[in-house]
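Participant: Submitted below is the structure of interest, expressed as structure tokens.
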Amino acid sequence: MRSDSDCTELSSPEASMLHDDDIEVHFASVADRMKLQEEVSAQVGIPRPASLPNHRSTTYEAFLAGDDMDNSTSCLEEMMLLEAIRRSMADCGYRQRHARTDVSEGDAKAYTVNEESRFILVRNIPALGATDELLRRLAEFGTVERHRLEDDHDDASEYVDVMWVQFDTVTAARRAKALAVKNPFYGSVLQISYRPQDERSSDTRAKLDERRELLQTRPAACSTAAMPPTTSVGRRTPTADCSIE
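Take the sequence shown: its letters are residues 1 to 245, numbered as in full-length UniProt numbering.
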């Protein structure tokens, strides 16, 4: 359990830096409790005295008895304060991620033929004038037909470049997306994503035809590989101990 001094407000930058996998319960600080008490007092419309007993059992008994108006008001404010804190903690976003619906940046993701493309977008490139070296790295996975720098992209800045690349095949783009990010590029980890929206109708048709041909030839290849090797068995000749009826 954390103390009031270690509390982090939900709207602070420190709270946004916490990982989703960490489940933390935040309690209201002293300043937050005082602020809520003032708001509750203003809503109730009864001025809060300067000095009131802080023990909850005393105020609760006085509230049940109804003798002391000040104690009853204090107990009512305290109960409303606890209810407000409970509701704020129930609405807290620090919950455990759902394994199926929540997908973070590093989780595995399956791509369909519709989402894959031979057009990719490379982000987080250090603006050091190393475009030729980056193209040589990408050329290890396939032929780079065209490329250009996207200066108007949202992720492009004075220190970071964004490059649009066109490969000759979807397979080359798939290998580049999976393998080109393994090693850092001048201290930065590259971020590669597909760009199917840049395809023409001929590119989409060629991609679908290639996928259809692969699906048609795959069952025949798998059945051929699964069959045991055929061996020639000659005619069996009876031995001397065998009698043929």
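Positions of the beta carbon are idealized from the N, C-alpha and C atoms, including for glycine.
Could you check if residue 136 is buried or exposed, using at least 16 other CB atoms within 10 Å of its CB as the buried criterion?
Facilitator: exposed
Participant: According to the neighbour-count rule (16 or more other Cβ atoms, all chains shown, within 10 Å of its Cβ), is residue 50 buried or exposed?
Facilitator: Model confidence at residue 50 stands at a pLDDT of 49, short of 50, so the residue's coordinates are unreliable; what they give is reported in the following sentence. When all chains shown are included, residue 50 counts as exposed.
Participant: Would the beta-carbon of residue 113 fall within 8 Å of that of residue 211?
Facilitator: Yes, Cβ-Cβ distance for residue 113 and residue 211 is below 8 Å.
Participant: Helix or strand or just coil, what does DSSP make of residue 74?
Facilitator: helix
Participant: Apart from the five residues just before and just after residue 36, which ones in its own chain have a Cβ nearer than 6 Å to its Cβ?
Facilitator: Excluding residues within five positions, the ones whose Cβ falls inside 6 Å are 81, 84.
Participant: Three or more C-beta pairs closer than 8 Å, one from the region 182-198 and one from the region 141-154: is that the case here?
Facilitator: no
Participant: On the CB-based measure, 16 or more other CB atoms within 10 Å of its CB, does residue 34 come out buried or exposed?
Facilitator: exposed
Participant: Hey, could you find the ends of the beta strand (DSSP E) residue 198 is sitting in?
Facilitator: Per DSSP, residue 198 belongs to no beta strand (DSSP E) and is neither H nor E.
Participant: Alpha carbon to alpha carbon, how far is residue 151 from residue 262? Give it in angstroms, no decimals.
Facilitator: Here the chain comprises residues numbered 1 to 245, so residue 262 is not present and cannot be evaluated.
Participant: Using a threshold of 8 Å, state whether the C-beta atoms of residue 126 and residue 160 are closer than that.
Facilitator: yes
Participant: How big is the Cα-Cα spacing for residue 59 and residue 31?
Facilitator: In this predicted model, residue 59 has a pLDDT of only 47, less than 50, meaning its place in the structure is not dependable enough to derive any value.
Participant: Roughly how many angstroms lie between the CA atoms of residue 163 and residue 172, to the nearest whole one?
Facilitator: Near 16 Å, if we compare the C-alpha coordinates of residue 172 and residue 163.
Participant: May I ask you to report which of helix, strand or coil DSSP gives residue 150?
Facilitator: coil
Participant: Considering only their Cβ atoms, is the gap separating residue 128 from residue 165 smaller than 8 Å?
Facilitator: no
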